[in-house]
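J.: For the sequence shown, the residue numbers in the working numbering are 7 to 159. For reference, the structure I am asking about is given below.
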Amino acid sequence: MAGRFLVGRLPSVDVIRLLGIRDTPLSVDEVLAAVGDHAAGGTTLFVGTVREQDHGKPVTGLSYSAHPSAEAELRQVAEKIAADFPVTALAAVHRVGDLALGDAAVIVAVAAPHRDEAFKAARRLIDDLKAHVPIWKHQAFADGETEWVGAGE
Numbered sequence: 007m008a009g010r011f012l013v014g015r016l017p018s019v020d021v022i023r024l025l026g027i028r029d030t031p032l033s034v035d036e037v038l039a040a041v042g043d044h045a046a047g048g049t050t051l052f053v054g055t056v057r058e059q060d061h062g063k064p065v066t067g068l069s070y071s072a073h074p075s076a077e078a079e080l081r082q083v084a085e086k087i088a089a090d091f092p093v094t095a096l097a098a099v100h101r102v103g104d105l106a107l108g109d110a111a112v113i114v115a116v117a118a119p120h121r122d123e124a125f126k127a128a129r130r131l132i133d134d135l136k137a138h139v140p141i142w143k144h145q146a147f148a149d150g151e152t153e154w155v156g157a158g159e
């Protein structure tokens with residue numbers, strides 16, 4: 007069974023509550039609800055959004071593409087976080103397809119008994135997701151240039 011369980015938790019309760027690669031808008035409320043846990047004293051949420059500039063250049067649009075193995079890779083990342091940190095719940099969802107400025111591209115949340123654990127685990131979750139899950143961003147700039155950014159960059 008995936009995940010790490012705290013002493014006193016039922017072993018049937020999985021720490022990994024929500025994972026996904028989606029072509030529909032992401033919901034902060036859904037992710038927060040997924041990690042809600044009475045054993046948690048703190049929850050850390052990170053929302054990555056489409057910004058209007060990158061490298062100092064205006065962005066006119068972008069899209070994300072994912073390799074078919076992306077969900078399996080995301081699960082491996084989540085399992086590692088659940089094994090390495092004393093968390094009560096975690097969730098991670100990433101968007102694919104065309105996104106507009108301000109859209110949520112990725113949301114991760116981690117609940118833990120204490121805030122320090124939640125912050126550290128959430129930071130590692132987003133960093134490892136970006137480094138290891140095969141998702142690529144294709145962004146277009148106002149000057150007509152385009153750029154691909156891939157996993158690990």
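Built from N, CA and C at the ideal position, the CB exists for glycine as well.
(1) Rounded to the nearest angstrom, what separates G48 and V21 at their Cα positions?
(2) In the DSSP assignment, what are the bridge partners of D29?
(3) Threshold first: 4 residues or longer. Then list the alpha helix (DSSP H) segments lying entirely within the region 33-82, N to C.
(4) Considering D104, what are the terminal residues of the beta strand (DSSP E) in which it resides?
(5) If you drop the 5 nearest sequence neighbours on each side, which residues of the same chain put their C-beta closer than 7 Å to that of R130?
(6) On the DSSP letters alone, give me the boundaries of the beta strand (DSSP E) that F147 sits inside.
T.: So, to answer that:
(1) Straight through space, the alpha carbons of V21 and G48 are spaced by roughly 15 Å.
(2) In DSSP, D29 forms no bridge with anything.
(3) Runs of the alpha helix (DSSP H) spanning 4 or more residues and lying entirely within the region 33-82 occur at 34-41, in chain order.
(4) Start and end: 103-105.
(5) Only I87 meet the Cβ criterion.
(6) Segment 141-147, the beta strand (DSSP E) holding F147.
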